[in-house]
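**Student:** Using this note's numbering, read the sequence shown as starting at 44 and increasing by one per residue.
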Amino acid sequence: MNVGKIIKAIFYLMVAMLVLKGVHVAYNKYFPNESDASYSTTVSNQFKLDFKEISVPKIDEKSNKCDLIAYDFKNMLELIESCEKVKYLEYLRFSRPKEASNINSETLQSLVKAMHSEKSKLKKHIADIKSCSKDSIPSKRLKSLKYYLRVIEINLQDLKGLVASKSGD
Numbered sequence: 044m045n046v047g048k049i050i051k052a053i054f055y056l057m058v059a060m061l062v063l064k065g066v067h068v069a070y071n072k073y074f075p076n077e078s079d080a081s082y083s084t085t086v087s088n089q090f091k092l093d094f095k096e097i098s099v100p101k102i103d104e105k106s107n108k109c110d111l112i113a114y115d116f117k118n119m120l121e122l123i124e125s126c127e128k129v130k131y132l133e134y135l136r137f138s139r140p141k142e143a144s145n146i147n148s149e150t151l152q153s154l155v156k157a158m159h160s161e162k163s164k165l166k167k168h169i170a171d172i173k174s175c176s177k178d179s180i181p182s183k184r185l186k187s188l189k190y191y192l193r194v195i196e197i198n199l200q201d202l203k204g205l206v207a208s209k210s211g212d
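(1) Confirm, please, whether the CB-CB distance from I195 to L151 is below 9 angstroms.
(2) According to the neighbour-count rule (16 or more other Cβ atoms, all chains shown, within 10 Å of its Cβ), is S125 buried or exposed?
(3) Is there contact here, the segment 130 to 141 with the segment 154 to 169, by at least three beta-carbon pairs under 8 angstroms?
(4) Which residue marks the beginning of the alpha helix (DSSP H) containing Y134, and which one marks its end?
(5) Quick check on I146: does DSSP put it in helix, strand or coil?
(6) Considering only the alpha carbon of each residue, which of L202, R139, Y134, G47 lies closest to E149?
(7) Do you know whose CA, among R136, N45, A157, K189, lies nearest K209's CA?
(8) Can you tell me which of Y55, H168, Y134 puts its alpha carbon nearest to the alpha carbon of K189?
(9) Let me make sure I understand the geometry here. Which of D171, K186, Y134 has the alpha-carbon closest to that of L205?
(10) Would the C-beta of H168 count as close to the ligand ATP, meaning under 8 angstroms from any of its heavy atoms?
(11) Within 10 angstroms of the Cβ of M57, are there 16 or more other Cβ atoms? Answer buried if so, exposed if not.
(12) Can you tell me the Cβ-Cβ gap for N198 and I123, rounded? I've got them flagged as a contact below 8 angstroms.
(13) Using CA atoms only, rank isn't needed, just tell me which of Q200, V62, V66, F116 is closest to S187.
(14) Do you know how far the Cα of L63 is from the Cα of S153?
(15) My guess is that M119 and Y191 are in contact by the Cβ rule of under 8 angstroms, so how many angstroms apart are they, rounded?
(16) At the level of alpha carbons, what is the spacing between A216 and E121?
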């Protein structure tokens, strides 16, 4: 009976060591140690983000009609990714000032305008789905659309905070 408890304890210790090793590897991937020799060569290139990489999709005022099939999810995902890059660069400005680039206020303004447009398009798309569907809306699809609407709202709120902090500087 004692042997079973010892084997069980050894098993749990091995699992705990594997979990800690995984956490350590993941932590080092996202927060590398600055004293490492490899930090200056590989990781600094990873954290160097330029605003030329951030693409703000063009807003087409003429195509304001919203078909159920014609909603551009790729555009929405690119906008969300652009917002995440801007927020990450703003974070870098405080945590690693040497590596961070300055955020252009015109880029922020165009990103806010594009996010407002995308938010209204997504709201209209959700309303069209609710009104045009003859049968009940699949709840997973509607929940995912509402989730992305909430993500857009949160990113828009964060961007407005960045614009306010930039105007205060």
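The C-beta atom is built at its ideal place from N, Cα and C for all residues, glycine as well.
Predicted, not measured: the structure shown is a model, and the values here were computed from it.
**Tutor:** Let's see:
(1) As a position in the sequence shown, residue 151 is number 108, starting the count at 1. As a position in the sequence shown, residue 195 is number 152, starting the count at 1. No, the Cβ-Cβ distance between L151 and I195 is not below 9 angstroms.
(2) In the sequence shown, residue 125 corresponds to position 82, counting from 1. Looking at its Cβ environment, which holds 16 or more other Cβ atoms inside 10 Å, S125 is buried.
(3) Output reads no: the segment 154 to 169 does not touch the segment 130 to 141.
(4) One-based indexing of the sequence shown puts residue 134 at position 91. First-last of the alpha helix (DSSP H) with Y134: 116 to 138.
(5) For this step, residue 146 is matched to residue 103 along the sequence shown. Three-state DSSP puts I146 in coil, outside helix and strand.
(6) Counted from its first residue, the sequence shown places residue 149 at position 106. Checking every option, the nearest Cα to that of E149 belongs to L202.
(7) Within the sequence shown, residue 209 is the residue found at index 166, counting from 1. Of R136, N45, A157, K189, the smallest CA-CA separation from K209 is found for R136.
(8) As a first step, residue 189 is located in the sequence shown; it is residue number 146 there, counting from the start. Cα-wise, what sits closest to K189 is H168.
(9) As a first step, residue 205 is located in the sequence shown; it is residue number 162 there, counting from the start. The option with the nearest alpha carbon to L205 is Y134.
(10) In the structure shown, the ligand ATP is absent, as is every other ligand, since no ligand is present at all.
(11) Translated into the one-based positions of the sequence shown, residue 57 becomes position 14. Result: exposed.
(12) The count along the sequence shown starts at 1 and reaches residue 198 at position 155. The count along the sequence shown starts at 1 and reaches residue 123 at position 80. At roughly 6 angstroms, the Cβ-Cβ gap stays under 8 angstroms, so N198 and I123 are in contact.
(13) The residue given as residue 187 occupies position 144 in the sequence shown. Here the closest residue by C-alpha is F116.
(14) Position 110 of the sequence shown, counted from the start, is the residue given in the question as residue 153. Position 20 of the sequence shown, counted from the start, is the residue given in the question as residue 63. So the alpha carbons of these two residues sit roughly 43 angstroms apart.
(15) Against the sequence shown, residue 119 aligns to sequence position 76. Against the sequence shown, residue 191 aligns to sequence position 148. Confirmed, about 6 angstroms.
(16) Here the chain has residues from 44 to 212 only, and residue 216 is not among them.
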